[in-house]
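So for the sequence shown, the working numbering puts the first residue at 4; every next one is plus one. All residues carry an ideal CB built from backbone N, CA and C; glycine is no exception.
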Amino acid sequence: MRRCDSTFENPSDRDQHVRSVHEKRRDHACPYCAATFGTMGDLTTHVRSVHEKRRDHACTTAPLRSGERPGGARARVVHRQGEVQ
């Protein structure tokens, strides 16, 4: 079994990590669809970007606005696939 190398200053952050990553708990349900999330922050990002259509974050290398912070998973895929030049 692989050992987790994550470290946390705050015990509650560690506990949240264990619940969402290692126990794969998704206790935060979207009130608009069937999506569930491991953290309240992920749920909030989902609601803002998917349901409220907010695009608060601008890409630093291309003319793209997103609901996630720069460097997020979607931005990396878009750049890797050449969707944005």
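Using the rule of at least 16 other Cβ atoms within 10 Å of the residue's Cβ for burial, across every protein chain shown, is residue i buried or exposed?
| i | result |
| --- | --- |
| F2 | The requested residue 2 does not occur in the structure, where the chain is confined to residues 4 to 88. |
Does DSSP classify residue i as helix, strand or coil?
| i | result |
| --- | --- |
| T39 | strand |
Could you check which residue in the options has the C-alpha nearest to that of residue i?
| i | options | result |
| --- | --- | --- |
| M43 | D59, R6, H31, E12 | H31 |
| R29 | D8, L46, R6 | L46 |
For residue i, collect the residues of the same chain with a Cβ closer than 7 Å to its Cβ; drop the 5 residues on either side in sequence, then sort them by chain order.
| i | result |
| --- | --- |
| H49 | C33, A38, F40 |
| H20 | S9, F11 |
Excluding sequence positions up to five away, which residues of its chain have a Cβ less than 6 Å from the Cβ of residue i?
| i | result |
| --- | --- |
| Y35 | H54 |
Return the chain-ordered list of same chain residues with a C-beta closer than 8 Å to the C-beta of residue i, the five sequence neighbours on each side being excluded.
| i | result |
| --- | --- |
| R22 | R28, D30, G41 |
| H25 | C7 |
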